[in-house]
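Numbering (our numbering), first residue to last: 28 to 160. Virtual Cβ for every residue (Gly too), placed ideally from N, Cα, C. All figures in this text were calculated on a predicted structure; none of them were measured in a lab.
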Amino acid sequence: MSDAAARPQALVIGHKDFAVGIVSAVTAITGRGDVFRTASNYGLDTRAMEAIVRDAIAEGVTVIFSDLPAGSTTMAARRAQRDFPEVTVVTGVNLPTLLDYAFAAPDSTRAADLAVEKGRAALMVARGNVRAD
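As structure tokens, then:
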């Protein structure tokens, strides 16, 4: 495996233990949690979060997944993105999105777009009684 392939391709950043939890689920299901680096905003101000994002970008991360579209983690990622327009920021991430991204080709420019489509398609509302027949 090359050094580039061994480095995380994406950063998952979120509130408290969100990132660690969702990436641990990816690892349990796929064994490919090494695709992701994780970070928490817990106890950090936006400048410290932005520094984490910038460090990840400096280490080769090209996609940042955050938990809330208008949350502080997304704001930090978007501020860093101003200086690194080649970086993609995906907000409102869910498990199906990360599962799809985990299997994307490392150099795929559409990997984040396709993963978002999978994540969006996985959402559903189920109502009514469940029948046991």
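{"Item": "6 Å Cβ shell around valine 120 - same chain, five flanking residues per side excluded", "Value": "Phe92"}
{"Item": "Inter-residue Cα distance where the pair is phenylalanine 111 and valine 152", "Value": "37 Å"}
{"Item": "Per-residue burial, asparagine 156 [other beta carbons within 10 Å of its own, 16 or more giving buried]", "Value": "exposed"}
{"Item": "Limits of the unbroken beta strand (DSSP E) element including leucine 150", "Value": "First-last for leucine 150: undefined, no H or E at that position."}
{"Item": "Limits of the unbroken alpha helix (DSSP H) element including arginine 106", "Value": "99 to 110"}
{"Item": "Contact check, alanine 107 vs valine 114, beta carbons under 9 Å", "Value": "yes"}
{"Item": "In DSSP terms, what phenylalanine 92 is bridged to", "Value": "Val39 and Val117"}
{"Item": "Reference glutamate 144; option with closest CA among Ala46, Val39 and Asp127", "Value": "Asp127"}
{"Item": "Outcome for methionine 28 when other beta-carbon atoms lying within 10 angstroms are tallied against a minimum of 16", "Value": "Any reading at methionine 28 is ruled out, since the residue's pLDDT is 41, under 50, leaving its predicted position unreliable."}
{"Item": "Contact under 9 Å by Cβ, isoleucine 38 with valine 88", "Value": "Residue identity check: residue 38 is leucine in the sequence provided, not isoleucine. Yes, Cβ-Cβ distance for leucine 38 and valine 88 is below 9 Å."}
{"Item": "Nearest-angstrom beta carbon gap, isoleucine 40 and alanine 23 [assumed within contact, 8 Å]", "Value": "Coverage of the chain is limited to positions 28 through 160, which leaves residue 23 absent and any answer about it impossible."}
{"Item": "Close beta carbons around alanine 31, own chain, < 8 Å, minus the five adjacent residues each side", "Value": "In this predicted model, alanine 31 has a pLDDT of only 48, less than 50, meaning its place in the structure is not dependable; the value taken from the coordinates is given anyway. Correct list, in chain order: Gly87 and Pro133."}
{"Item": "Cβ separation of glycine 58 and serine 51, assumed to be a contact under 8 Å, to the nearest whole Å", "Value": "Between serine 51 and glycine 58 the Cβ distance is about 12 Å, and since that is not below 8 Å, they are no contact."}
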